[in-house]
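Trainee: Below you will find the structure I want to go over with you.
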Amino acid sequence: MKQYFKRYMKNFDYPLFFVYIALTLFGLVMIYSSSMAWSVNYYGDAPDRFYIQQLINLAIAFPAFAVAAFFPYKHFNKRWMMMTVLGVIFLGLVLVHIIGFEAGGARSWISLGFANFQPSEVAKVGIILYLAGVFSNKYKNGTINKLNESVAPPVIILTLVLLSVFFEPDLGSMMIIGAVGLSVMAASGIKFKYFARLAAIVVGASAVFIIPIMLFASDMIFTEKRLGRLDAFFNPFSDELGFGLQIVNGYLAIGSGGLSGLGLGQSIQKLGYLPEPHTDFIMSVIAEELGVFGVLFVLGGLGFIVLKGLAIAMTTDDPLARMLATGVSSMIGIQSFVNLGGLTGLIPLTGVTLPFISYGGTSVILLSLAMGVLMNVSMFHKYEKSKK
0 MKQYFKRYMK NFDYPLFFVY IALTLFGLVM IYSSSMAWSV NYYGDAPDRF
50 YIQQLINLAI AFPAFAVAAF FPYKHFNKRW MMMTVLGVIF LGLVLVHIIG
100 FEAGGARSWI SLGFANFQPS EVAKVGIILY LAGVFSNKYK NGTINKLNES
150 VAPPVIILTL VLLSVFFEPD LGSMMIIGAV GLSVMAASGI KFKYFARLAA
200 IVVGASAVFI IPIMLFASDM IFTEKRLGRL DAFFNPFSDE LGFGLQIVNG
250 YLAIGSGGLS GLGLGQSIQK LGYLPEPHTD FIMSVIAEEL GVFGVLFVLG
300 GLGFIVLKGL AIAMTTDDPL ARMLATGVSS MIGIQSFVNL GGLTGLIPLT
350 GVTLPFISYG GTSVILLSLA MGVLMNVSMF HKYEKSKK
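Shown next as structure tokens:
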């Protein structure tokens, strides 16, 4: 064990680690800045309420990163590990429909008494670990292109996860999980024609259940809030005091920042104009207070992690490492796009957090766990290169 730690510490990926730490600590500062007025005015609480809570979240997230970074990633293709991951995923997704509570229009949270827990965040990371383990085994035993024999079961698992998240309904998380799952499959070594069939099966199987519900139980999916968000996407200024409030005030915040911003803590829009500025719209506050420089810092850090992960995936010889690196980097990249696309009006709002920056316990803990896995893969990759 001592030799194991010594070997991996010698190949520790310090740039990846420092970028991860820099983003989480920067996010902590911006959560404090963006949430002070909201905490006092909306909750009647101390201005550091969300800052303290995020500190607690990070106290759990950093050890989760460390454990994942030094837990040998090659165990993820062991049967016991895959069954454990699946059990955790489905336990959470089943319980949320039974004892979960609604927040933001979706029944996607479970109260643990001392904290709230979001199973769909676990599913995002868990589906990467499960699919990477399954498809790496199929690749090694030569059955990766035999759809009926070995590939259908994981596709069914992915479809069931997507349906469960859809019924919460958490459409943003469902889209991210689906896209990440397909990215892991694309990196599995499967031939393109078979991958196209797999993608069609996932989409088709989901549509068989989703389309009838959308037609005959549309009130459950097309709620007033979701239809309002769709209207706000096409023309936010038509209802700037209603459903367009977040987007319009987000635009004002972004436009006010300019090149260098108004200064840390000097945002106007966070003073009650921008609802919950410490969560989905935290980038608007960053743009207002720190300007283009602040935005570029966040985009540069997230971009570095995504590109680093994809670079590892393209150069490693281990199929499991390739899929894990692809899954983690694509999850961070896709979620970042969905968040930033929503606040800039490129896509409709979905209520997705900005990785490592937005307030959220389940999100930052699971993202840190995923970053630990990517660090683990990176260290092994550097070790393999040094041997050659």
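For the sequence shown, position 105 (counting from the first letter as 1) is numbered 104 according to numbering that gives the first Met the number 0, and the numbering increases by one without interruption.
A virtual CB, placed ideally from N, CA and C, is assigned to each residue, including glycine.
1) If GLU287 sits next to SER259, beta carbons under 8 Å apart, how far is it from one beta carbon to the other, in whole angstroms?
2) Would you say ILE189 and LEU197 are within 9 Å of each other, going by their C-beta atoms?
3) Short check: CB of MET322 to CB of LEU15, under 9 Å?
4) Looking only at C-alpha atoms, which of GLY332, GLY344, VAL291, SER255 sits nearest to ILE246?
5) Please list the segments of the alpha helix (DSSP H) lying wholly inside the stretch 4 to 51, counting only runs of 4 or more residues, in order along the chain.
6) Check whether the stretch 326 to 336 and the stretch 36 to 55 touch, using three or more Cβ-Cβ pairs below 8 Å as the test.
7) I'd like to know whether the C-beta atoms of PHE11 and MET370 end up nearer to each other than 9 Å.
8) Just to confirm the assignment, what range does the alpha helix (DSSP H) spanning PHE336 have?
9) Going by DSSP, name the residue or residues bridged to ILE109.
10) I need the straight-line Cα distance from ILE285 to LYS77, nearest angstrom please.
11) Using a 10 Å radius around the Cβ and a threshold of 16 neighbouring Cβ atoms, would you call MET81 buried or exposed?
12) Return yes when the Cβ of ILE59 is within less than 9 Å of the Cβ of MET330, no when it is not.
13) Thinking LEU54 and THR23 are a contact (beta carbons under 8 Å), I'd like their distance in whole angstroms, please.
14) Does PHE166 come out as helix, strand or coil in the three-state DSSP assignment?
15) So, for VAL18: in the same chain, excluding its five sequence neighbours on each side, which residues have a beta-carbon less than 7 Å away from its beta-carbon?
16) Does DSSP put ALA400 in a helix, a strand or coil?
17) Express the C-alpha separation of GLY86 and PHE100 in angstroms, rounding to a whole number.
18) Cβ of LEU263 within 9 Å of Cβ of VAL28?
19) Is THR315 buried or exposed, if buried means 16 or more other CB atoms sit within 10 Å of its CB?
20) With respect to the beta strand (DSSP E) encompassing PHE100, which residues constitute its N-terminal and C-terminal limits?
21) Quick check on ALA186: does DSSP put it in helix, strand or coil?
22) Alpha carbons only, please: which of ALA105, ALA114, VAL121 is nearest the one belonging to GLY350?
23) Considering just the uninterrupted stretch of the alpha helix (DSSP H) at GLU288, what are its terminal residues?
24) Thinking PHE355 and LEU348 are a contact (beta carbons under 8 Å), I'd like their distance in whole angstroms, please.
25) Hey, out of ALA63, PHE166, TRP37, whose CA is closest to VAL93's CA?
26) Please classify ALA199 as buried or exposed, where buried requires at least 16 neighbouring CB atoms within 10 angstroms.
27) Just mark TYR253 as buried or exposed, buried being the case when its beta carbon has 16 or more other beta carbons within 10 Å.
28) Looking only at its chain, what residues have a beta carbon closer than 7 Å to the beta carbon of TYR193, apart from the 5 residues adjacent to it on each side?
29) Since THR361 and PHE116 are thought to touch, with beta carbons under 8 Å apart, how far apart are those beta carbons, to the nearest angstrom?
30) At the level of alpha carbons, what is the spacing between LEU251 and GLY341?
31) For the candidate residues GLU120, LEU295, LEU319, whose alpha-carbon lies nearest to that of SER377?
32) Taking the alpha-carbon positions, what's the PHE420 to PHE69 distance?
Mentor: So, from the data block:
1) Going by Cβ atoms, the distance from GLU287 to SER259 rounds to 11 Å, so no, they are not a contact pair.
2) yes
3) no
4) GLY344
5) 13 to 42
6) no
7) no
8) 318 to 343
9) PHE116
10) 43 Å
11) buried
12) no
13) About 11 Å separates the two Cβ atoms, so there is no contact after all.
14) coil
15) GLY300, PHE303, ILE304
16) Outside the displayed span of the chain (0 to 387) sits residue 400, for which this structure offers no information.
17) 21 Å
18) yes
19) buried
20) 100 to 102
21) coil
22) ALA105
23) 281 to 314
24) Between LEU348 and PHE355 the Cβ distance is about 20 Å, and since that is not below 8 Å, they are no contact.
25) PHE166
26) exposed
27) Note on residue identity: the sequence assigns Ile, not Tyr, to residue 253. It counts as buried.
28) ASN144, LEU146
29) 6 Å
30) 15 Å
31) LEU319
32) Look at the range of the chain in this structure, 0 to 387, and you will see that residue 420 is not part of it.
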